[in-house]
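For reference, the structure is listed below as structure tokens.
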Amino acid sequence: GQNIDQPTEMTATEGAIVQINCTYQTSGFNGLFWYQQHAGEAPTFLSYNVLDGLEEKGRFSSFLSRSKGYSYLLLKELQMKDSASYLCAVMNTGFQKLVFGTGTRLLVSP
Amino acid sequence: EPEVTQTPSHQVTQMGQEVILRCVPISNHLYFYWYRQILGQKVEFLVSFYNNEISEKSEIFDDQFSVERPDGSNFTLKIRSTKLEDSAMYFCASRLQGKFDHGYTFGSGTRLTVV
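So the protein lines, in turn, are chains A and B.
Be aware that the first sequence starts at 1, since it is given in our numbering, and climbs by one per residue.
Be aware that the second sequence starts at 1001, since it is given in our numbering, and climbs by one per residue.
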């Protein structure tokens, strides 16, 4: 079976740093994605990790530990527009469907 | 930036009616997907499509669902006889072969309401 866990909700202040964790158990692993989703909109791609370690992309960084089944998304210098849901998704082997977690709703306050 | 285009953006239909949701994937992408998201719940995989055939489908994708790529550009999802529980946001996605660093590109979705 497959299981992807994320916190349901987090709050943070504008300008701060927040870390959103994701743990997973999956039968076949071919990489992990983070997506941002504003309410009523499509998920938009943030990052992809397949090797252990940290990938940095501007204000956003993503970390993966395959042995621990663990990833996090780090958001720096938070802005109000970062208020959204952040979806962790594992890509399976084979035809590589994405299996999503329930998402973490982040609320950034002034 | 290339986009995945979905039409219509909203669809209201009566229970038991057939609906067709349309998608135009990015032109050089080779893998196509349908996902759905019931309000307040997680994004769920429905079906993947490659080389003009279904490559994988979920338990949700039963006999009431079908997909088609009738020409070189459109990718459709048909629900033959809609149920109330089919009400959801339906997302089409596509990706290049072997290219994951740009992720899967999702369309803006079709909000289906079954009444």
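Idealized CB from N, CA, C, for every residue including glycine.
Can you pull the chain B residues whose beta carbon is under 8 Å from the beta carbon of residue i, in chain order?
i      : result
V90(A) : Within 8 Å Cβ-Cβ: nothing; V90(A) doesn't reach chain B, min ~11 Å.
Grab me the residues of residue i's own chain with a C-beta within less than 8 Å of its C-beta, minus the 5 sequence neighbours each way, in chain order.
i        : result
N1028(B) : L1096
G101(A)  : I4, D5, Q6, C22, Y24, L87, C88, A89
T13(A)   : L78, V108, S109, P110
Would you please verify whether the beta carbon of residue i is less than 8 Å from any beta carbon of chain A?
i        : result
E1085(B) : no
V1043(B) : yes
F1106(B) : yes
F1061(B) : no
F1091(B) : yes
Interface residues of chain A around residue i at Cβ under 8 Å?
i        : result
E1001(B) : Result: empty, since nearest Cβ-Cβ is about 11 Å, beyond 8 Å.
Going along chain B, which residues have a C-beta under 7 Å from residue i?
i      : result
Y48(A) : F1100, D1101, G1103
Can you pull the chain B residues whose beta carbon is under 9 Å from the beta carbon of residue i, in chain order?
i      : result
K76(A) : The contacting residues do not exist; K76(A) stays about 21 Å from chain B at best.
L87(A) : K1042, V1043
Using a Cβ cut-off of 8 Å (strictly closer), state whether residue i contacts chain B.
i       : result
G31(A)  : yes
E41(A)  : yes
G15(A)  : no
T102(A) : yes
F45(A)  : yes
List the residues of chain A whose Cβ lies closer than 7 Å to the Cβ of residue i, in chain order.
i        : result
G1109(B) : A42
F1032(B) : Per Cβ cutoff of 7 Å: no residues; F1032(B) is ~11 Å from chain A at best.
Taking residue i as the query, report the chain A residues whose CB atoms sit under 9 Å from its CB, ordered along the chain.
i        : result
S1073(B) : Ordered by position in chain A, no residue passes the 9 Å Cβ test against S1073(B), which lies about 19 Å from the chain.
Which residues in the same chain as residue i place their Cβ atom closer than 6 Å to its Cβ, once the five residues preceding and following it in sequence are excluded?
i      : result
K76(A) : I17, R59
Q19(A) : Y72, L74
V99(A) : Q2, V90
Can you find the residues in the same chain that come closer than 7 Å, C-beta to C-beta, to residue i, ignoring five residues on each side of it along the sequence?
i        : result
Q1014(B) : V1115
S65(A)   : D52
Quick test of your reading: residue i and residue j, contact by CB under 8 Å. State the CB separation rounded to the nearest angstrom.
i        : j        : result
Y1090(B) : G1109(B) : 6 Å
Y1031(B) : L1046(B) : Going by Cβ atoms, the distance from Y1031(B) to L1046(B) rounds to 14 Å, so no, they are not a contact pair.
Runs of alpha helix (DSSP H) lying entirely within the segment 1001–1065 of chain B, each at least 4 residues, in chain order: Complete alpha helix (DSSP H) runs here, min 4: none at all.
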